[in-house]
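What follows is one structure encoded as structure tokens, with my remarks underneath.
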Amino acid sequence: MERTRILGTGSAVPSRILRNAELEKLVDTSDEWITSRTGISERRVCSAGEDTATLAEQAALKALEAAALDPMDLDLILVATITPAMPFPATACLLQDGLGARRAAALDVSAACSGFIYGLAVADNFIRTGMYRTVLLVGAETLSLLTDWSDRNTCVLFGDGAGAVVLQGQRGGRGVLSTHLYSDGSQWGLLMAPGGGSRHPISSPEVLAQRLNTIKMPNGNEVFRTAVRAMEDACISALKHNHLEISDVDVVVPHQANARIIQALTYRLSLPPEKVIANIARHGNTSAASVPLALDEAVRTGKVHDGNLVLLVAFGGGLTWGSAAIRW
Ligand code: UT7
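Structure below.
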């Protein structure tokens, strides 16, 4: 049976580091509050010349190198993002151009912080139906450009970055075992950037006056509680589907939104903390980039081994959430 194998991973972040101390000068906050309530110490933010497509390209090149494949081997390019480099064309098309991957089809996937898991499900289904064999999936975001730097409730949380995987259909037991996707559109107002699209165009004076083109999270605490429950449920669905126990799991790579969310998930699933990957202290919440960025760091620091059972899980705006179980 053909499964979707991850042949290589890569990641990239902007060079500029924004530390909590700098945010103390922008809004009424403190390093102590940010660290204790979120676990974030610093995040990366883009400078001139950097954007979602340039970050995606850097991450993709590393993943291709790790997979020992050439851009011309790619049949499909998927970019999971809510901060595309342009309204159109898709960032995946800009990435295709940058890589010279002329054979590939290219499209973006929009599922906020769950974007990478959604993209993995899309890729896995294309591969298992036989339509495509080799797929590049990148989660890439520049949330710093959607950030309201006067809103202390949100501006301390987010960062920029990209993570990539090269996927290929191969025979054998290794690869993606399952993906589970969920959405609750009735809760879209919990986490959004409501302006800048066709409902509230960027050209309207109210959008700019009320900064409607920036991230709004009117009830962060509700998002927090929902995220813990939803990610727990998504992990349990993945285990049940594959007839596995929590003790079978070797590595969990959760979305990095808040260290306390990761701790709560770890506790509720009775996971040993050393099996749970957390890099939020250095990156903040990078939305669709967070899972592949953490996965790449885990792979490159020797935390993921052949044959391991790896669980990916994410939650984000939409609301959207989901999980993926992978035999590495
Ligand atoms: O990636 C998608 C998913 N995103 C998330 O999952 C984010 C989920 N939410 C969270 O991570 C947390 O809810 C936050 C970090 C956003 C907030 O933490 P909290 O423990 O839920 O705090 P809270 O919203 O209950 O607010 C506590 C207090 C408030 O002050 P009052 O009203 O009690 O006086 C806030 O105004 O903390 C205040 N506060 C801050 N104080 C200093 C909020 N942001 C800050 C800040 N610095 N940056």
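Under the numbering used here, the first residue of the sequence shown is numbered 1145, with each subsequent residue one higher. The beta carbon of each residue, even a glycine, is placed where N, CA and C say it ideally should be.
Does ligand 3 have even one heavy atom less than 8 Å from the beta-carbon of residue i?
i	result
G1364	Ligand 3 is not among the ligands present in this structure, which contains only ligand 1.
State the CB to CB distance for the pair residue i and residue j, rounded to an integer number of angstroms; the pair is presumed to be in contact (CB under 8 Å).
i	j	result
V1457	M1375	5 Å
V1223	A1234	7 Å
V1282	A1401	So it is not a contact: roughly 20 Å between Cβ atoms.
L1199	A1267	That pair is no contact at about 19 Å.
A1388	V1310	Sequence check: residue 1388 is Leu here, not Ala. Contact flag wrong, Cβ pair sits at about 26 Å.
Going by CA-CA distance only, name the one from the options that's closest to residue i.
i	options	result
L1301	P1345, R1315, T1291, K1419	T1291
L1437	S1191, L1162, G1307	G1307
A1474	I1150, L1388, I1470, V1397	Past the boundaries of the shown model lies residue 1474; the chain is included only from 1145 to 1472, so the question cannot be answered.
V1171	W1293, L1455, R1187, T1410	W1293
T1464	W1472, Y1262, A1250, L1205	Y1262
G1244	R1181, L1264, F1232, D1217	D1217
H1427	A1408, A1403, L1220	A1403
A1165	S1159, I1178, P1158	I1178
F1260	F1368, S1414, A1284, G1183	A1284
T1225	R1246, L1264, G1183	L1264
D1304	R1315, N1297, L1287, G1461	L1287
At a threshold of 8 Å, does residue i count as lining ligand 1 (C-beta to nearest heavy atom)?
i	result
S1294	no
R1181	yes
M1361	yes
A1378	no
G1152	no
L1332	Reading off the sequence shown, one finds Trp at residue 1332, where the question assumed Leu. It does not: the Cβ of W1332 is nowhere closer than 8 Å to a heavy atom of ligand 1.
V1420	no
I1405	yes
V1171	yes
W1472	no
G1460	yes
T1298	yes
S1347	no
V1397	no
I'd like the list of long-range same chain contacts for residue i, defined as Cβ closer than 8 Å, with 5 residues on each side in sequence excluded.
i	result
R1272	E1146, R1147, T1148, G1313
G1340	I1346, V1351, L1356, N1357
V1372	I1405, A1408, L1409, R1412
D1392	L1383, L1453
N1363	L1334
Contact criterion: CB-CB distance below 9 Å. Does residue i meet it with respect to chain B?
i	result
A1438	Any reference to chain B falls outside this structure, which holds one protein chain only.
Leaving out five residues before and five after residue i in sequence, what residues of the same chain have Cβ atoms less than 6 Å from its Cβ?
i	result
S1155	A1203, G1307, L1437, D1440
S1467	H1324, A1378, C1379, A1382, V1457
If I measure Cβ to Cβ from residue i and keep anything under 7 Å in the same chain, skipping five residues before and after, which residues do I get?
i	result
P1197	Here the sequence assigns Ala to residue 1197, which means Pro is not the residue at that position. The residues are A1229, T1235, L1238, L1239, G1242.
P1338	H1344, L1356, K1360
V1420	V1396, P1398, I1406, T1410
Name the two residues that bound the continuous alpha helix (DSSP H) containing residue i.
i	result
Y1326	Per DSSP, Y1326 belongs to no alpha helix (DSSP H); it is in the beta strand (DSSP E), 1319 to 1327.
W1472	Run containing W1472: none; DSSP gives neither H nor E here.
V1372	1364 to 1385
G1242	1235 to 1243
E1418	Note, E1418: premise wrong, no alpha helix (DSSP H); not H, not E.
Over what stretch of residues does the beta strand (DSSP E) that includes residue i continue unbroken?
i	result
I1424	No beta strand (DSSP E) holds I1424; the alpha helix (DSSP H) holding it covers 1424 to 1427.
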